[in-house]
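A quick write-up on the structure given underneath.
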Amino acid sequence: MTSTATPQTSTTGPAVFIRSMSKSYSSSSLLKRKRIPALRDIDLEIQRGEIVALVGESGSGKSTLARCLALLETPDSGEVLVNGKEIAGLKGAAARKYRSDVQMVFQDPFGSLNPTFRVEHILERALALHQPEIRSKRNEMARLVSTVGLNPEVLSSFPHELSGGQRQRIAIARVLAAKPSVILADEPTSMLDVSVRIGVLNLLHKLRDEHGISILYVTHDLASARYLSDRIAVLNEGRIVESGESVQLLDNPRHPYTQLLVGAVPNPDRNSTQDATKRAALREKIQRWSTGANLKKHMIDEANQHWVLAEESEMN
Amino acid sequence: MSVPVLEVQDLTVEYVSDERAVRGADRVSFTINSGEIFGLAGESGCGKSTIANSIMRLLKDPARITNGKILFDGKDVLGMDEASLRAWRWNNVAMVFQSAMNSLNPVTRIGEQFVDVIRTHRGGSRAEALSRAKELLQMVRIDPARLRAYPHQLSGGQRQRIVIAMACALNPRLLILDEPTTALDVVVQQEILEQIRELQTELGFAILFITHDMSLMLELSNRIGIMYGGRIVEMAPSEVLRDDSSHPYTQALLGAFPPLHGPRVKLTGLAEGTKFTDIQDLEEISQGHWVAPTNQPALSQGELS
Chain U
26 MTSTATPQTS
36 TTGPAVFIRS
46 MSKSYSSSSL
56 LKRKRIPALR
66 DIDLEIQRGE
76 IVALVGESGS
86 GKSTLARCLA
96 LLETPDSGEV
106 LVNGKEIAGL
116 KGAAARKYRS
126 DVQMVFQDPF
136 GSLNPTFRVE
146 HILERALALH
156 QPEIRSKRNE
166 MARLVSTVGL
176 NPEVLSSFPH
186 ELSGGQRQRI
196 AIARVLAAKP
206 SVILADEPTS
216 MLDVSVRIGV
226 LNLLHKLRDE
236 HGISILYVTH
246 DLASARYLSD
256 RIAVLNEGRI
266 VESGESVQLL
276 DNPRHPYTQL
286 LVGAVPNPDR
296 NSTQDATKRA
306 ALREKIQRWS
316 TGANLKKHMI
326 DEANQHWVLA
336 EESEMN
Chain E
695 MSVPVLEVQD
705 LTVEYVSDER
715 AVRGADRVSF
725 TINSGEIFGL
735 AGESGCGKST
745 IANSIMRLLK
755 DPARITNGKI
765 LFDGKDVLGM
775 DEASLRAWRW
785 NNVAMVFQSA
795 MNSLNPVTRI
805 GEQFVDVIRT
815 HRGGSRAEAL
825 SRAKELLQMV
835 RIDPARLRAY
845 PHQLSGGQRQ
855 RIVIAMACAL
865 NPRLLILDEP
875 TTALDVVVQQ
885 EILEQIRELQ
895 TELGFAILFI
905 THDMSLMLEL
915 SNRIGIMYGG
925 RIVEMAPSEV
935 LRDDSSHPYT
945 QALLGAFPPL
955 HGPRVKLTGL
965 AEGTKFTDIQ
975 DLEEISQGHW
985 VAPTNQPALS
995 QGELS
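Quick mapping for you: the protein sequence lines, in order, are chains U and E. To convert, take the position in the first sequence, counting from 1, and add 25; that gives the numbering used here. To convert, take the position in the second sequence, counting from 1, and add 694; that gives the numbering used here.
Set out below in structure tokens:
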């Protein structure tokens, strides 16, 4: 799989290019208004046809990042280019065009499909909106449904007649109806029954392989990030603290936060777990690393684009 | 280690409506030995919580136990009347529910909730109960001063640890944990599991552990039963299940959690719409390894692209 990680060569650069993006939310209490930083100084690129996983715990800012890319939130500052075009200030027709090019798959396939319509209506509307030039919608719908691994019979079903996995596949078919170049998948499997999760991950992988779609995979599950993605970016308190080729990164995590996460993933082959003292030591180290005044990216391994955010003094 | 604390024999639970009856659990049998951690794994709707609730005798209409026996230390649980059930629950078997951290009373201090549990079941003075509560909090590494806190002043992980400590308050012989770490972040999850292990070493209770997360299950349990459609389809010691699973459903569950180390291998889940029907009784294929015979082929796992 690593061989496919090499981005498709293109003269037009990466699919997604983010520089110094920040976003904060305001929280007002009785006495004072505070700005709470959700994303701090984010740099992130997704090459064409690349799958990048964004991992972190709840509250780390990973959904905020995806929502900024989906135009559902506006960053406070920074530069975001998608397919070479700045996305700040997109309005009207340009925003609509952008939204069909950058599509989102949500966590909950129970909430994202209108329960009062049949699948065919749901897909037909998406096609009418995004690809009005297609004449034979029926054929196109059958093709979309078979791309996501379902039988054309599901077209006449209502969402409640389908299982969670089938519904998520329909949600993905609807996304494909827009012919996107980028898919933002925010925890797309966390609400599915476990036995069908891997099938949905395999489907995303196939979309990248066969359609060259770039994917941002947002998850808290390191193991699935390693399984699906070419590269992983680890978010901690709104900062990307470490990033690199998936397998290499998780085999040699350098940032204490990544080490803490890796050590906490349940592992059937492990006899001794990370003990409390080790965890406490890592926590203290995370605190020290993240409050450094002079945080810089340090390249660990050029070939795997593996870097870590740290003070110079921590790198020896 | 080989004295059974709990024996479930041929347990069948039906959810009965006017038109039809749905089997929530179907001829389920297993035993849990003293000090053992037994896991029940399966997906939503497979009947694992139904089993837990039957053991605690917490099933409500329209659920009915239509067949089978539940023996605790040889005593018939299904035959107990209300009074003996009240004396038996919490003293002998305690349960930590799914999202148990929300089961604390939000308007009562933590300490009072401990006192309530301990005095209801064991009597004694308030002061004795409070000192037991302090001991328990120390066991789960929470500052005993937090007994004065209200639940909302504690984090989700802390609340979950308190609920577990409360379940252990009366030294039960069996602890039932129903998805004890769902909705918690991985690091917190690991801390909770560690706490459970420590408490178990210290107090020596047996555990019935219920989850859909196979990695978690393999890490914690001694022996595991896999449930599907109300039936157990495979049952074996953890290592046997990990290395030598035989039922395709077990393999699909195991495959749903890709490994964090080693080469990246393509995994296959269950195909959409795969159903196992008419599941047969378990057969012992090797020492302690029980499998329901099936004509569906085992899943093949190949290299990823």
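Just so it is clear, CB atoms sit at the ideal spot from N, CA and C, and this is done for glycine as well.
- [ ] Below 8 Å on the Cβ atoms is my guess for V1004 (chain E) versus A289 (chain U); work out the distance and round it to an integer in Å.
- [x] Past the edges of chain E, shown from 695 to 999, lies residue 1004 (chain E), and the structure says nothing about it.
Open item on the list: Considering just the uninterrupted stretch of the beta strand (DSSP E) at P291 (chain U), what are its terminal residues?
Closed with: No beta strand (DSSP E) contains P291 (chain U), which DSSP labels as neither H nor E.
TODO: Would you tell me roughly how many angstroms separate the C-alpha atoms of T29 (chain U) and V173 (chain U), rounded to the nearest one?
DONE: With a pLDDT of only 42 at T29 (chain U), under the threshold of 50, the placement of this residue in the model should not be trusted, and no figure is reported.
Open item on the list: Per DSSP, what are the beta-bridge partners of M789 (chain E) in this structure?
Closed with: E:I870
Task: Sequence-distant residues of the same chain with beta carbon closer than 7 Å to P281 (chain U), five excluded per side - done: If you ignore the 5 residues before and after P281 (chain U), its C-beta comes within less than 7 Å of the C-beta of L307, K310, I311 and W314, all in its own chain and listed in chain order.
Task: E829 (chain E) versus A900 (chain E) - alpha carbon distance - done: 21 Å
Open item on the list: Going by DSSP, what residue range makes up the alpha helix (DSSP H) through V1040 (chain E)?
Closed with: Nothing in the structure corresponds to residue 1040 (chain E), since chain E is present only between 695 and 999.
- [ ] Can you tell me the Cβ-Cβ gap for F732 (chain E) and N916 (chain E), rounded? I've got them flagged as a contact below 8 Å.
- [x] 7 Å
Open item on the list: On the CB-based measure, 16 or more other CB atoms within 10 Å of its CB, does R73 (chain U) come out buried or exposed?
Closed with: buried
- [ ] Taking E829 (chain E) as part of the alpha helix (DSSP H), name the residues at either end of that continuous run.
- [x] R820 to M833
- [ ] Kindly indicate if chain U contains any beta-carbon less than 8 Å away from that of G963 (chain E).
- [x] yes
Open item on the list: Distance cutoff 8 Å, beta carbons only. Does G263 (chain U) sit that close to anything in chain E?
Closed with: Not an interface residue.
Task: Cross-chain neighbours of G741 (chain E) in chain U, by beta carbon under 8 Å - done: In chain order: nothing, as chain U lies at least about 14 Å away.
Task: Pairwise C-alpha distance: L217 (chain U) and S909 (chain E) - done: Distance from the CA of S909 (chain E) to the CA of L217 (chain U), rounded to the nearest whole angstrom, comes to 17 Å.
Task: Enclosing beta strand (DSSP E) for S723 (chain E) [first to last residue] - done: A715 to N727
Task: Own chain, CB closer than 7 Å to P838 (chain E), minus 5 neighbours either side, in chain order - done: K828, L831 and Q832
Task: Proximity of I265 (chain U) and I240 (chain U) at Cβ, strictly below 8 Å - done: no
Open item on the list: Please report the distance separating the alpha-carbon of A859 (chain E) from that of Q889 (chain E).
Closed with: 9 Å
TODO: Closer than 7 Å by beta-carbon distance: list the chain E residues that pair up with D218 (chain U), in chain order.
DONE: E737 and S738
Task: Spatially closest choice to R143 (chain U) from U:N319, U:A258, U:L187 and U:E327, by CA coordinates - done: R143 (chain U) has its Cα closest to that of U:L187, out of U:N319, U:A258, U:L187 and U:E327.
Open item on the list: If you reduce the DSSP assignment to three classes, tell me which class R891 (chain E) lands in.
Closed with: helix
Open item on the list: Can you look up P177 (chain U) in the DSSP assignment and give me helix, strand or coil?
Closed with: helix
Task: DSSP three-state assignment for V881 (chain E), whether helix, strand or coil - done: The answer is helix: DSSP assigns V881 (chain E) an H, G or I state.
TODO: For G851 (chain E), name the three-state secondary structure that DSSP assigns.
DONE: helix
Open item on the list: Determine, for V834 (chain E), whether the minimum Cβ-Cβ distance to residues of chain U falls below 8 Å.
Closed with: It does not: the Cβ of V834 (chain E) has no partner Cβ on chain U nearer than 8 Å.
Task: Distance between L56 (chain U) and D907 (chain E) (C-alpha atoms, nearest Å) - done: Their Cα atoms are separated by approximately 44 Å.
Task: Close-in-space but distant-in-sequence residues of the same chain around Q191 (chain U) (CB under 8 Å, 5 per side omitted) - done: Only L175 and V179 meet the Cβ criterion.
Task: Residue from E:D972, E:M911 and E:D975 whose Cα sits closest to the Cα of L947 (chain E) - done: That would be E:M911, whose Cα lies nearest to the Cα of L947 (chain E).
- [ ] Starting from P62 (chain U), trace the beta strand (DSSP E) both ways and give me its first and last residue.
- [x] R58 to I71
- [ ] Give the secondary structure of L260 (chain U) by DSSP, where H, G and I count as helix, E and B as strand, and everything else as coil.
- [x] strand
Task: Span of the beta strand (DSSP E), counted from its first residue to its last, around T760 (chain E) - done: Note, T760 (chain E): beta strand (DSSP E), A757 to F766.
- [ ] Reducing DSSP to helix, strand and coil, say where P157 (chain U) ends up.
- [x] coil
- [ ] Check each residue of the region 233-263 of chain U: if its Cβ is closer than 9 Å to any Cβ of chain E, include it; give the result in chain order.
- [x] Within the region 233-263 of chain U, those residues whose Cβ lies closer than 9 Å to any Cβ of chain E are, in chain order, D234, H245, D246, L247, A248, S249, R251, Y252 and L253.
Open item on the list: So, does the region 244-252 of chain U touch the region 211-229 of chain U, judging by three or more C-beta pairs under 8 Å?
Closed with: yes
Task: Buried versus exposed call for F135 (chain U) [16 or more other C-beta atoms within 10 Å across all chains shown] - done: exposed
- [ ] Apply the 10 Å Cβ neighbour rule to V710 (chain E) and answer buried if 16 or more other Cβ atoms are within range, or exposed otherwise.
- [x] exposed
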